[in-house]
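Residue numbers (full-length UniProt numbering): 1 to 299.
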């Protein structure tokens with residue numbers, strides 16, 4: 001990997017947060033001004049413009065932390081102990097303000113840093129009658145994106161889509177998913193060079209992975225195009241029983257995945273190099289016990 005293409009992720013492990021540098025293959029434990037929840041409790045990690053937003057123990061409040069400037073503050077959640085509702089964190093460039101969004105019972109609530117309070121933003125909306133494959137979604141520019149899963153609804157009025165919340169207009173819009181992504185497979189939504197992508201894992205189809213990118217057919221219309229599928233069974237023969245728990249794309253288009261051995265819980269970070277094979281990224285510390293990994297914090 002080129003040193004001109006920084007690839008850094010946050011890894012949430014049993015004993016704290018680690019900054020993983022894929023160029024230097026190093027793992028640095030971060031000195032936190034707050035205490036993380038116990039390993040038995042889920043944690044949401046969001047980031048925007050170098051600032052991190054994390055749920056704390058009990059999900060009663062959020063930690064807002066800038067690792068570079070060391071600035072830190074707490075924000076009370078709108079409704080405490082909400083461990084499954086989607087969260088979003090983004091920047092409104094027109095009002096020059098950071099905003100947090102959450103969806104509770106098909107209602108949308110916004111917290112703005114300038115107002116320092118929560119308020120209802122969007123009235124109850126039937127389009128929000130869905131589950132979210134990734135609670136935290138991904139942010140790009142001034143919009144938050146989640147994959148909206150409606151497969152549990154009998155005769156849904158809409159198909160599975162990508163739900164987009166605009167932090168400037170404070171309104172929703174929906175984007176079509178690739179056809180295969182509407183099925184029940186593991187999926188990860190990300191942003192690379194200002195464009196959305198989806199990585200899908202198909203465990204029932206030779207453990208294949210497929211990368212979908214949005215391609216412009218003209219200045220206004222975009223459509224999803226898939227790249228050649230990656231056969232995981234072929235490339236990861238040493239893993240007989242594994243689960244893909246995270247996937248993303250680096251700036252140099254390498255595909256990173258985190259695989260967990262379902263027998264002993266051991267985790268490994270693998271990179272698909274030059275569209276040829278997977279190799280392990282040899283970090284200095286073990287990843288055993290990690291609970292999740294966030295997207296890039298250095299865009």
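Quick reminder that beta carbons are idealized off the backbone N, C-alpha and C, glycines included.
Problem set entry | Among 36, 73, 233 and 162, the one whose alpha carbon lies nearest that of residue 190 | One-based indexing of the chain shown puts residue 190 at position 190. Considering only alpha carbons, the answer is 162.
For this session: Pick helix, strand or coil for residue 195, following the three-state DSSP scheme.
Result: As a first step, residue 195 is located in the chain shown; it is residue number 195 there, counting from the start. Here residue 195 sits in strand by DSSP.
For this session: With DSSP as the reference, label residue 128 as helix, strand or coil.
Result: Translated into the one-based positions of the chain shown, residue 128 becomes position 128. Note: residue 128 maps to helix in three-state DSSP.
Exercise. Looking at the structure shown, is residue 138 part of a helix, part of a strand, or coil, going by DSSP?
Worked result: Residue mapping note: residue 138 aligns to position 138 of the chain shown, counting from 1. Of the three classes helix, strand and coil, the one that applies to residue 138 here is strand, per DSSP.
Problem set entry | Exposed unless 16 or more other CB atoms sit within 10 angstroms - verdict on residue 76 | One-based indexing of the chain shown puts residue 76 at position 76. When all chains shown are included, residue 76 counts as exposed.
Exercise. Which term fits residue 187, buried or exposed, when burial requires 16 or more other beta carbons within 10 angstroms of its beta carbon?
Worked result: Within the chain shown, residue 187 is the residue found at index 187, counting from 1. The residue in question, residue 187, is buried, as its Cβ has 16 or more Cβ neighbours within 10 Å.
Problem set entry | C-alpha gap between residue 74 and residue 261, whole angstroms | Against the chain shown, residue 74 aligns to sequence position 74. Against the chain shown, residue 261 aligns to sequence position 261. The straight-line gap from Cα to Cα measures roughly 36 Å.
Exercise. Any contact of the stretch 85-92 with the stretch 42-49, i.e. 3+ C-beta pairs under 8 Å?
Worked result: yes
Problem set entry | Beta-carbon proximity list for residue 99, same chain, < 7 Å, skipping 5 on both sides | For the purposes of this step, residue 99 is identified with residue 99 of the chain shown, where counting begins at 1. For residue 99, where only same-chain residues beyond five positions count, the Cβ hits under 7 Å are 90, 92, 110, 111, 112 and 167.
Problem set entry | Pair within 9 Å by beta-carbon distance, residue 25 and residue 256 | The sequence position of residue 25 within the chain shown is 25, counting from 1. The sequence position of residue 256 within the chain shown is 256, counting from 1. Not closer than 9 Å, so no.
Problem set entry | Residues that residue 101 bridges to, as DSSP identifies them | For the purposes of this step, residue 101 is taken as residue 101 along the chain shown, with counting starting at 1. For residue 101, which the question treats as bridged, DSSP gives the partners 88 and 110.
Problem set entry | Range covered by the beta strand (DSSP E) that runs through residue 52 | Here residue 52 corresponds to residue number 52 of the chain shown, with the count starting at 1. Per DSSP, residue 52 belongs to the beta strand (DSSP E) from 51-55.
Exercise. To the nearest whole angstrom, what separates the beta carbons of residue 210 and residue 202, a pair I think is in contact under 8 Å?
Worked result: In the chain shown, the residue the question calls residue 210 occupies position 210. In the chain shown, the residue the question calls residue 202 occupies position 202. Confirmed, about 7 Å.
Exercise. Does the separation of the CB atoms of residue 149 and residue 132 fall below 9 Å?
Worked result: As a first step, residue 149 is located in the chain shown; it is residue number 149 there, counting from the start. As a first step, residue 132 is located in the chain shown; it is residue number 132 there, counting from the start. Contact: yes.
Problem set entry | Pick from 213, 146 and 236 that is closest to residue 228, judged by C-alpha positions | Here residue 228 is taken as the residue at index 228 of the chain shown, counted from 1. Of the listed residues, the one whose Cα sits closest to residue 228 is 213.
Exercise. What are the boundary residues of the alpha helix (DSSP H) that residue 169 is part of?
Worked result: For the purposes of this step, residue 169 is taken as residue 169 along the chain shown, with counting starting at 1. Premise fails: residue 169 is in no alpha helix (DSSP H) and is neither H nor E.
For this session: Please name the residue, chosen from 278, 205 and 243, that lies closest to residue 236 on a Cα-to-Cα basis.
Result: Indexing the chain shown from 1 puts residue 236 at position 236. Here the closest residue by C-alpha is 278.
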